[in-house]
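In this note's numbering, the protein residues as written are 14 to 445.
Where a beta carbon is used, it is the ideal one built from N, C-alpha and C, also for glycine.
Since this is a predicted model, take the numbers as computed values, not measurements.
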């Protein structure tokens with residue numbers, strides 16, 4: 014059986030590896046000149062940064078970690094204790110917000126703690142039914158204080174859509190809640206499981222996060238770089254790519270919006286439905302500094318509009334000494350955006366972000382020695398209230414034409430690296 018995988022991001026590379034390991038002739042098509050997609054890294058003046066923001070390897074699945082470490086060598090990864098912070102009213106408080114209440118002014122501390130306790134009590138004893146949208150879910154889980162001061166403004170900034178128009182199907186794994194007893198302990202200064210410094214993360218010692226891509230792609234055959242798939246036809250139980258190459262089966266890992274437009278004769282009702290599936294692009298601004306940071310923060314969240322465009326700042330030089338030259342520091346600021354909502358020129362975006370980072374006391378602009386920016390139109394799928402309905406219409410059509418999909422962008426699902434690895438094994442086991 015001759016197979017083709019379209020899209021050379023981590024999903025496509027991982028899937029191609031597993032299929033070739035099983036003995037299949039599997040070709041990988043990538044429109045860019047290098048593999049990696051959202052996981053690519055870039056070198057600039059002796060710095061290296063991850064193009065679409067700070068990536069980390071984290072998994073509760075020991076088999077997933079074992080596979081990655083066997084493939085790449087565990088000795089090539091830095092083990093990092095998570096030290097995340099939230100910029101709040103001119104100070105840096107511990108993350109998650111409910112575990113850092115002790116860092117707040119006393120009145121605000123009391124308001125947020127009381128709200129969290131009340132929310133926990135109401136869930137346990139009142140049984141009012143599960144909330145139907147993300148906004149109500151935040152109030153339901155965290156109470157009014159934490160929701161109004163952090164959760165709602167941060168998520169509104171992150172998702173760019175009315176939170177009342179986002180569903181709750183995805184929140185369980187993405188917005189963890191902490192037992193009320195643990196929040197109370199943290200609130201009076203007892204170190205508990207609610208503190209993220211017990212969370213163990215991994216980051217490549219050298220090469221940025223693209224190290225994972227390069228190791229996963231090592232020894233693969235039939236990789237077609239700089240080869241966009243512009244035309245896809247189904248004919249006599251075969252797939253034809255760009256009117257030339259014939260395959261028995263195709264797996265797409267490219268964004269649904271792009272896939273639908275390269276399949277010939279797609280029904281209009283499918284393409285119109287596709288417009289109703291929401292997503293955000295991601296932009297990053299890289300900043301290289303002439304001195305290292307005086308802290309060991311992993312990243313900082315900037316939840317409020319007055320903090321500027323970016324919602325997360327990752328301190329890359331704190332992950333690996335090789336991400337910056339000796340005596341230097343580096344960070345990457347991440348912005349999620351809808352189409353046509355960012356400044357058109359990269360220089361404008363960079364200057365805007367630098368000013369906001371200085372205002373938030375993250376950098377001093379006089380220490381900046383290099384900057385860069387990156388834009389990807391596809392970053393995060395957004396789960397609207399009718400997400401499942403719209404997605405089912407598209408899936409029904411793609412299943413009918415027997416086109417398989419895999420990965421974050423092709424399934425319009427919020428997957429991280431560890432999830433992709435787990436689901437790649439499941440996918441290959443199910444279909445091949």
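Task: Expected contact under 8 Å - CB spacing of residue 35 and residue 241 to nearest Å - done: With a Cβ gap of about 27 Å, residue 35 and residue 241 do not count as contacting.
Open item on the list: Please report the straight-line C-alpha distance between residue 58 and residue 433, rounded to a whole angstrom.
Closed with: 32 Å
Open item on the list: I believe residue 269 touches residue 423 by the beta-carbon criterion, under 8 Å. Please report the beta-carbon distance rounded to the nearest angstrom.
Closed with: 6 Å
Task: Exposure of residue 264, with buried meaning 16 or more beta-carbon neighbours within 10 Å - done: buried
Open item on the list: If distances are taken between C-alpha atoms only, which option among 33, 139, 298 comes closest to residue 361?
Closed with: 298
- [ ] Keeping to the same chain, check which residues put their C-beta closer than 6 Å to that of residue 114; ignore five residues upstream and five downstream.
- [x] 122, 125, 126, 200
Open item on the list: What does the alpha-carbon distance come out to for the pair residue 444 and residue 338?
Closed with: 46 Å
Task: residue 334 and residue 49 closer than 8 Å at C-beta - done: no
Task: Beta-carbon proximity of residue 18 to residue 266, cut-off 8 Å - done: yes
TODO: Assuming residue 147 and residue 176 form a contact by the criterion Cβ under 8 Å, report the distance between their Cβ atoms to the nearest whole angstrom.
DONE: 5 Å
Task: Secondary structure, alpha helix (DSSP H): runs of 4+ residues fully inside the stretch 37-66 - done: none
Open item on the list: The beta strand (DSSP E) that contains residue 444, what's its start and end?
Closed with: Taken as a continuous stretch (DSSP letters only), residue 444 belongs to no beta strand (DSSP E), being part of the alpha helix (DSSP H) at 430-444.
- [ ] Determine the burial state of residue 404: buried for a count of at least 16 other Cβ atoms within 10 Å of its Cβ, exposed for fewer.
- [x] buried
- [ ] Classify residue 30 as helix, strand or coil using the three-state DSSP reduction.
- [x] helix
- [ ] Would you check if there are 3 or more beta carbon pairs closer than 8 Å linking the stretch 156-174 to the stretch 373-385?
- [x] no
TODO: Just tell me which of 386, 364, 379 has its CA closest to the CA of residue 65.
DONE: 386
- [ ] Give the single residue among 181, 75, 71, 392 whose Cα lies nearest to the Cα of residue 149.
- [x] 181
Open item on the list: Can you tell me where the beta strand (DSSP E) holding residue 248 begins and where it ends?
Closed with: 245-248
- [ ] Please list, in chain order, all residues of the same chain as residue 160 whose beta carbon is under 7 Å from its beta carbon, the five residues on each side excluded.
- [x] 151, 152
Open item on the list: Assuming contact is defined by CB atoms lying nearer than 8 Å, are residue 238 and residue 369 in contact in what I supplied?
Closed with: no
Open item on the list: If you measure between the beta carbons of residue 81 and residue 216, is that distance less than 8 Å?
Closed with: no
TODO: Note down the Cα distance separating residue 350 from residue 102, rounded to an integer number of angstroms.
DONE: 24 Å
TODO: For my contact list, residue 427 and residue 394 are in at a C-beta cut-off of 8 Å; report their separation, rounded to the angstrom.
DONE: 6 Å
Open item on the list: Between 178, 33, 213, which has its C-alpha nearest residue 398's C-alpha?
Closed with: 178
Open item on the list: Short of 6 Å in beta carbon distance, which residues of its chain neighbour residue 313, apart from the five on each side in sequence? Order them along the chain.
Closed with: 98, 100, 326
TODO: Ignore the nearest five residues each way along the sequence and tell me which others in residue 303's own chain have a CB closer than 7 Å to its CB.
DONE: 341, 380, 382
Open item on the list: Please report the distance separating the alpha-carbon of residue 112 from that of residue 274.
Closed with: 46 Å
Open item on the list: For residue 63 and residue 294, I'd like the C-alpha separation in whole angstroms.
Closed with: 16 Å
- [ ] Look at the Cβ atom of residue 309, then the Cβ atom of residue 331, and state whether they are nearer than 8 Å.
- [x] yes
Task: residue 133 and residue 213 closer than 8 Å at C-beta - done: no
Task: Option in 23, 406, 32 with minimal Cα separation from residue 440 - done: 32
Task: Unbroken stretches of the alpha helix (DSSP H), 4 residues or longer, contained in the stretch 375-439 - done: 400-413
Task: Enclosing beta strand (DSSP E) for residue 93 [first to last residue] - done: 90-94
Open item on the list: With H, G and I counted as helix, E and B as strand and the rest as coil, what does DSSP make of residue 279?
Closed with: coil
Task: C-alpha distance - residue 421 paired with residue 392, whole-angstrom precision - done: 9 Å
TODO: To the nearest angstrom, report how far apart residue 56 and residue 300 are at their CA atoms.
DONE: 12 Å
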